[in-house]
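Scroll down for the structure; my scribbles are underneath it.
There are 2 protein chains.
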Amino acid sequence: MTNRPLILVSNDDGITSPGITALIEEMKTLGEVIVVAPDKPQSAMGHAITINEPIRLMKVDLHEGVEAWQCTGTPVDCVKIAIDKLLTRKPDLMVSGINHGSNSSINVIYSGTMSAAVEAAIDGMKSIGFSLSDYSWDADFSPVRPIVRKIAKATLENDLPYGTLLNVNIPKPDDGNIKGIRVCRQAVAKWKEDFDQRTDPFGRTYYWMTGKFVNMDHGQDTDEWALSNGYVSVVPTMFDLTDHQRMGTVNQWGLDE
Amino acid sequence: MTNRPLILVSNDDGITSPGITALIEEMKTLGEVIVVAPDKPQSAMGHAITINEPIRLMKVDLHEGVEAWQCTGTPVDCVKIAIDKLLTRKPDLMVSGINHGSNSSINVIYSGTMSAAVEAAIDGMKSIGFSLSDYSWDADFSPVRPIVRKIAKATLENDLPYGTLLNVNIPKPDDGNIKGIRVCRQAVAKWKEDFDQRTDPFGRTYYWMTGKFVNMDHGQDTDEWALSNGYVSVVPTMFDLTDHQRMGTVNQWGLDE
């Protein structure tokens, strides 16, 4: 038995990614760690779950003193199967990442990293998704590790009500020094689609999804502003998607008449 | 050329599902219809997009007078490729469904049907996800068609600001008469995981995801309450996940000190 906090770790880049390794190492300084992460990259899976095929779990020995499992499912599957089959007590914290690439603004919707954290929050865990604004596999996570540790420690020590989790994005440190940490709102932004059209060897058309990020938000209180200006962004994030403000608007349509 | 409204239709049960057929037929009474839907069932895909493999599109002739395409991607992929490659003007409305099964409360997070509608809303279209509380493939959509038409028509005729879409769930009509339409909030609910553990012919363990729906919300203003009491639920839904109310809470943690 231990009185140290229990911390569940997952991600969407897969259990062998450098980002999750950095996260596991930092969480080991804060508590007992259990890892359940995808056995392959699962970026952009959003909140997908696997209902039409079976899921497998395999115990792996990747980090000294850490129970770790790789799962054939999506990031959300990893959290669900951990809850049902692996955890013997409720984790004090769930952390997801560190993602190779930003999950700021609208990217929160597409992100497997954030969806794993959302799933943990739905189950009632405190949870955080961490992302670094650097898509490369060999991104340098060492300068961001103290920030990750600081935010995880504060989350363990403070109250966070049911229904709220944190979306933490960290600017690439070699863009200059990290200036600080800002609590932000999600910027209004989108991806402008640009599918790359090609022809296969059999003469048939196929497409690769590409796109251009468009920030439509000029506010200085957004995650995009923070990242562009050298700050870590922390967005309190929720899974109640009700637009409470617009309930009155739609009520005025008189749908029930 | 036509001055009729342009309506984009998609779903997550696939282009051959009875639910999308019912939706297409009703939308034909309101405007010009273009369909881009998955070529196979894609339930529970959430907001997944396809970035690691190519996507294909094939024109199909399923509904008289309707341009229809089946797509190998997810529901969100369908909307994205429609925007980039197929639409010659901005649709006046996007509708998704009619889903075979409820997408009320927390199911909005997992639903491919709703994610297609969310993607359209991100792009600036008015959009609605429609779901019927009946999972069977041969569900009877005829009694719900007038309701779908009524809500779609009202959405075309009224203002809905950028950032808001509608999540419409319809109770199974043979549970009794449908009593009316209620504008609701998303109930606080979750799925309690219950993975079914089995052994394959080679002696290895595998799991099927199952679960039990748990409604933790006793409010009478929720979508779950409406559906249980014979009402159609209409939840104004948004993709700004910021928990604005908790920004102050997290600011008090002093992360920037």
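Quick note, the sequences are listed as chains A and B, same order.
Read in order, the letters of the first sequence correspond to residues 0 to 256 in numbering that gives the first Met the number 0.
Read in order, the letters of the second sequence correspond to residues 0 to 256 in numbering that gives the first Met the number 0.
Positions of the beta carbon are idealized from the N, C-alpha and C atoms, including for glycine.
In this text, all values refer to a predicted model and were calculated from it rather than measured experimentally.
Neighbouring residues, chain B, relative to residue i (Cβ below 8 Å)
| i | result |
| --- | --- |
| Val35 (chain A) | None at all; the shortest Cβ gap to chain B is about 12 Å. |
| Val32 (chain A) | Neighbours of Val32 (chain A) on chain B: none; closest Cβ ~21 Å, over 8 Å. |
| Pro200 (chain A) | None at all; the shortest Cβ gap to chain B is about 13 Å. |
| Thr236 (chain A) | Leu240, Thr241, Asp242 |
Sequence-distant residues of its chain with Cβ nearer than 6 Å to residue i (five each side left out)
| i | result |
| --- | --- |
| Phe129 (chain A) | Gly96, Ile97, Val147, Val167 |
| Leu165 (chain B) | Ile127, Val233 |
| Glu118 (chain B) | Val75, Val78 |
| Leu159 (chain B) | Lys125 |
| Ala225 (chain B) | Arg181, Cys183, Ser232 |
| Lys189 (chain B) | Ile105, Val213 |
| Gly45 (chain B) | Tyr109, Ser114 |
| Thr163 (chain B) | Pro235, Met237 |
| Ala67 (chain B) | Val34, Val59, Leu61 |
Contacts of residue i in chain A (Cβ-Cβ under 7 Å)
| i | result |
| --- | --- |
| Asp239 (chain B) | Gln185 |
| Met124 (chain B) | Per Cβ cutoff of 7 Å: no residues; Met124 (chain B) is ~12 Å from chain A at best. |
| Val233 (chain B) | Val249, Leu254 |
| Ile127 (chain B) | Within 7 Å Cβ-Cβ: nothing; Ile127 (chain B) doesn't reach chain A, min ~11 Å. |
| Tyr109 (chain B) | His46, Ile48 |
| Ala153 (chain B) | Trp252, Leu254 |
| Ile121 (chain B) | Ile105, Lys189 |
| Ile150 (chain B) | Leu254 |
| Ser227 (chain B) | Under the 7 Å cutoff, chain A gives no residues; its nearest Cβ is about 17 Å from Ser227 (chain B). |
Residues near residue i by beta carbon distance below 7 Å, same chain, minus five either side
| i | result |
| --- | --- |
| Tyr205 (chain B) | Arg197, Asp199 |
| Ala153 (chain B) | none |
| Met0 (chain A) | Unreliable placement is indicated for Met0 (chain A), whose pLDDT of 48 sits below 50; no coordinate value is reported for it. |
| Met26 (chain B) | Ile6, Val8, Val32, Val94, Ala151 |
| Asn102 (chain A) | Ser110, Thr112, Met113, Gly128, Ser130, Asn166, Asn168 |
Close-in-space but distant-in-sequence residues of the same chain around residue i (CB under 8 Å, 5 per side omitted)
| i | result |
| --- | --- |
| Gly30 (chain B) | Arg3, Pro4, Leu5, Ile6, Asp91, Leu92, Leu155 |
| Trp207 (chain B) | Phe194, Asp195, Arg197 |
Inter-residue Cα distance where the pair is residue i and residue j
| i | j | result |
| --- | --- | --- |
| Glu223 (chain B) | Ser104 (chain B) | 7 Å |
| Gly202 (chain A) | Asp195 (chain A) | 16 Å |
| Thr209 (chain A) | Trp252 (chain B) | 39 Å |
| Lys191 (chain A) | Lys211 (chain A) | 5 Å |
| Ser16 (chain A) | Gly72 (chain B) | 26 Å |
| Arg245 (chain A) | Gly123 (chain B) | 16 Å |
| Arg144 (chain B) | Asn250 (chain A) | 21 Å |
| Asp220 (chain A) | His243 (chain B) | 11 Å |
| Ala47 (chain B) | Thr87 (chain A) | 30 Å |
| Ala186 (chain A) | Pro142 (chain A) | 25 Å |
| Tyr134 (chain B) | Pro170 (chain B) | 11 Å |
| Val107 (chain A) | Tyr161 (chain B) | 18 Å |
| Val65 (chain B) | Thr28 (chain B) | 12 Å |
| Trp136 (chain A) | Asp239 (chain A) | 33 Å |
| Ala21 (chain A) | Tyr230 (chain A) | 20 Å |
| Glu256 (chain B) | Asn51 (chain B) | 41 Å |
| Asn228 (chain B) | Asp11 (chain B) | 27 Å |
| Asn157 (chain A) | Gly218 (chain A) | 28 Å |
Neighbouring residues, chain A, relative to residue i (Cβ below 8 Å)
| i | result |
| --- | --- |
| Thr15 (chain B) | Within chain A, no residue comes near Thr15 (chain B); the closest Cβ sits about 16 Å away, beyond 8 Å. |
| Thr20 (chain B) | Residues of chain A passing the Cβ test: none, with the nearest at roughly 22 Å. |
| Tyr206 (chain B) | Pro53, Ile54, Arg55, Leu56, Ile80, Lys84 |
| Arg88 (chain B) | Ordered by position in chain A, no residue passes the 8 Å Cβ test against Arg88 (chain B), which lies about 16 Å from the chain. |
| Arg181 (chain B) | Asp255 |
| Asp257 (chain B) | One cannot answer for residue 257 (chain B) here, as it falls past the ends of chain B, which runs 0 to 256. |
Partner residues on chain B for residue i, Cβ-Cβ distance less than 7 Å
| i | result |
| --- | --- |
| Asn157 (chain A) | Trp252 |
Contact under 9 Å by Cβ, residue i with residue j
| i | j | result |
| --- | --- | --- |
| Val59 (chain B) | Ile19 (chain B) | no |
| Pro257 (chain B) | Cys70 (chain B) | There is no way to answer for residue 257 (chain B), as the model of chain B reaches only from 0 to 256. |
| Ile150 (chain B) | Leu254 (chain A) | yes |
| Ala115 (chain A) | Thr49 (chain B) | no |
| Thr241 (chain A) | Arg184 (chain B) | yes |
| Ile121 (chain B) | His62 (chain B) | no |
| Ser132 (chain A) | Gly179 (chain A) | no |
| Asp173 (chain B) | Asp216 (chain B) | no |
| Lys89 (chain A) | Leu56 (chain A) | no |
| Ile54 (chain A) | Ile82 (chain A) | no |
Per-residue contacts from residue i into chain B (C-beta, under 9 Å)
| i | result |
| --- | --- |
| Thr163 (chain A) | Asp242, Gln244, Arg245, Thr248, Val249 |
| Met44 (chain A) | Met44, Gly45, His46, Ala47, Ile48 |
| Ser101 (chain A) | Correct list: empty, because the minimum Cβ distance to chain B is about 15 Å. |
Chain A contact residues for residue i, given Cβ-Cβ distances below 9 Å
| i | result |
| --- | --- |
| Val117 (chain B) | Ile108, Leu240 |
| Asp193 (chain B) | Asp83 |
Problem set entry | Segments of 3+ residues assigned as beta strand (DSSP E) that fall wholly inside the stretch 140-201 of chain A | 163-169, 179-182, 188-192, 195-198
For this session: Mind listing, in chain order, the continuous beta strand (DSSP E) runs of no fewer than 3 residues lying wholly within the stretch 213-250 of chain B?
Result: 230-237
Exercise. Enumerated in chain order, which unbroken segments of the alpha helix (DSSP H) with a length of 4 residues or greater are wholly contained in the stretch 34-89 of chain B?
Worked result: 74-80
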